[in-house]
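Residue numbers (this note's numbering), protein chains in the order written: chain L, 1 to 203; chain R, 1 to 203.
All C-beta atoms, glycine included, are put in the ideal place defined by N, C-alpha and C.
Treat the numbers as computed from the prediction; the structure is a model and nothing was measured.
Number of protein chains: 2
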Amino acid sequence: MQLTIKNKNYDVLISELKRVNDNKDAFNEDEIKSAFKTEYYSKGESFIRTGDVPNKIGFIVKGLMKYYYIDPEGNEWIKFFSAERDFVASYASFLYQIPSLYNIEALENTTILSINYKMYLNNINKLMTWCIIARKYTEKIYYEKEKREASFLQKDASERYSDFLNDYKQLSNRISLKDTASFLGITPISLSRIRNKFKNKNG
Amino acid sequence: MQLTIKNKNYDVLISELKRVNDNKDAFNEDEIKSAFKTEYYSKGESFIRTGDVPNKIGFIVKGLMKYYYIDPEGNEWIKFFSAERDFVASYASFLYQIPSLYNIEALENTTILSINYKMYLNNINKLMTWCIIARKYTEKIYYEKEKREASFLQKDASERYSDFLNDYKQLSNRISLKDTASFLGITPISLSRIRNKFKNKNG
DNA sequence: GGTTAAACTTATCAAATGTTAAGGCTGTTT
DNA sequence: AAACAGCCTTAACATTTGATAAGTTTAACC
């Protein structure tokens with residue numbers, strides 16, 4: 001029974017890897033199973049803590065996680081959300097094996113498949129397919145950062161909120177106002193005001 | 001004579017590629033010369049224009065370029081500066097072969113070595129070394145975007161300006177107030193006020 | 001040398017966002 | 001049921017930033 005569930009988890013990962021690799025059959029289940037282990041994180045538990053050197057990358061089978069910085073005043077600033085079929089990692093810190101600049105924490109009970117640094121290095125340096133996948137993943141998250149940069153440069157908080165509702169349509173109702181504000185780089189109070197304006201405009 | 005100059009240009013590129021590739025000798029001059037062509041851009045000329053599908057990536061031998069969005073009101077918002085020994089590209093658009101979302105323009109007379117899309121694809125898909133270099137380059141610019149995201153989330157304009165002076169020590173006096181403000185996501189007037197405050201504090 | 005255009009500064013007022021404080025609502029704990 | 005904590009809203013005031021306008025400096029051009 002447990003085995004069946006685990007196989008399903010691996011199926012999700014394999015189908016995602018295949019998709020990224022242009023649906024070429026470059027992986028078999030045994031390869032994946034030996035590299036990735038299943039882990040569970042309850043709501044509120046951390047996948048990575050600020051200051052730790054990350055030793056793994058995860059793939060989310062089910063659930064939702066937030067990435068956040070903590071500033072000198074102790075405030076959280078969320079840089080990213082990851083949900084089903086996303087990878088989850090303090091990526092730059094993992095690559096350079098330096099302390100993570102941010103926490104990654106489960107917002108819901110979350111199931112992941114994780115691969116450790118040693119296994120990652122073996123794969124990335126020896127297998128062209130893995131290198132392609134790693135590069136494409138990096139390109140994807142780079143593109144997301146680039147879009148986010150553009151919105152910080154050009155748009156005010158109202159516009160960024162409006163974009164957030166579009167970009168994270170399905171996810172946005174799983175995320176609290178406080179966390180949404182944190183993601184937008186404003187205070188919860190400011191976001192509450194913005195919502196109020198929207199309500200008055202559209203109602 | 002011209003040949004000598006060109007060889008020097010290639011030397012800079014080769015040494016940079018070697019550095020990225022952990023100083024392994026994976027390139028020879030002929031390989032590089034057949035892939036990269038020398039181009040010159042005068043101050044004010046564009047390397048890529050908004051809306052064009054980028055057909056090349058450049059390596060700056062000498063000079064300085066700015067990357068900028070143009071918003072609906074016609075204002076420039078600078079996302080990045082590239083100078084000597086940097087690659088220069090509308091990278092995401094180049095990779096996906098979609099129209100560039102921003103302009104890249106020379107702030108000084110600039111010499112680059114450029115590689116076109118076809119040549120890039122040949123190399124990236126066949127040669128492991130190129131794949132590694134492309135991945136590392138992507139990782140590097142991703143890391144820069146990540147730092148920039150953190151500063152937009154956590155810091156106000158004064159702090160961002162102060163960080164800019166540190167991060168771009170050598171470059172900052174080659175960049176105008178207007179362009180600096182644009183890079184920081186504020187108006188030139190606002191930056192002028194911030195400078196004034198700094199002056200009064202430290203003088 | 002004089003003209004012009006662009007860059008930079010300063011001032012004033014308006015709008016957006018932060019800060020502090022208070023109160024309501026919800027779900028949890030005891 | 002009562003107490004409590006966390007989330008959300010609202011209000012009042014302070015600060016930051018934007019918008020407009022005017023004036024100065026700088027640099028380029030004729």
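Taking the Cα of residue 45(L) as reference, the smallest distance to any Cα among 112(L), 84(L) and 75(L) is reached at 112(L). It is roughly 15 Å from the alpha-carbon of residue 178(R) to the alpha-carbon of residue 105(R). Boundaries of the beta strand (DSSP E) around residue 106(L): 103-106. Taken through DSSP and simplified to helix, strand or coil, residue 48(R) comes out as strand.
Three or more beta-carbon pairs separated by less than 8 Å link the region 24-38 of chain L to the region 108-128 of chain L, which places the two stretches in contact. Under the Cβ criterion (8 Å, minimum of three pairs), the region 87-94 of chain R counts as touching the region 130-146 of chain L. Only those residues of the region 137-171 of chain L whose C-beta falls short of 7 Å from the nearest C-beta of chain R are listed: 138, 139, 141, 142, 143, 145, 146, 148, 149, 150, 152, 153 and 154. Along the region 71-88 of chain R, going in chain order, the ones with a CB nearer than 7 Å to a CB of chain L are 71, 77 and 79.
When the alpha-carbon of residue 100(R) is set against those of 70(R), 134(R), 115(R) and 14(R), the nearest one is in 70(R). Annotation: residue 73(L) is outside any alpha helix (DSSP H) and is labelled neither H nor E by DSSP. By the Cβ rule, the region 157-171 of chain L does not count as touching the region 190-198 of chain R, because fewer than three pairs are nearer than 8 Å. Comparing alpha-carbon positions, the option among 141(R), 157(R), 171(R) and 152(R) lying closest to residue 63(R) turns out to be 171(R).
Assigned with DSSP and collapsed to three states, residue 139(L) falls in helix. It is roughly 34 Å from the alpha-carbon of residue 130(R) to the alpha-carbon of residue 180(R).
The beta carbon of residue 117(R) does not come within 8 Å of any beta carbon belonging to chain L, so the residue lies off that interface.
Minimum Cα-Cα distance from residue 52(L) among the listed residues 115(L), 97(L) and 10(L) corresponds to 97(L). Taking 8 Å as the CB threshold, residue 132(L) lines the interface with chain R. For the region 138-178 of chain L, the continuous alpha helix (DSSP H) assignments of 4+ residues that do not extend past its boundaries occur at 157-167, in sequence order. No residue range can be given for residue 43(R), since it is assigned to no alpha helix (DSSP H) and is classified by DSSP as neither H nor E.
Scanning 132(L), 16(L), 152(L) and 7(L) for the CA closest to the CA of residue 38(L) turns up 7(L). For residue 29(L), the closest alpha carbon among the candidates 11(L), 127(L), 141(L) and 43(L) is that of 11(L). The three-state secondary structure of residue 112(L), taken from DSSP, is strand. Following the DSSP letters along the chain, one finds residue 94(L) inside the alpha helix (DSSP H) bounded by residues 91-96. Taking the Cβ atoms as the reference, residue 59(R) lies roughly 13 Å from residue 27(R), outside the contact range of under 8 Å.
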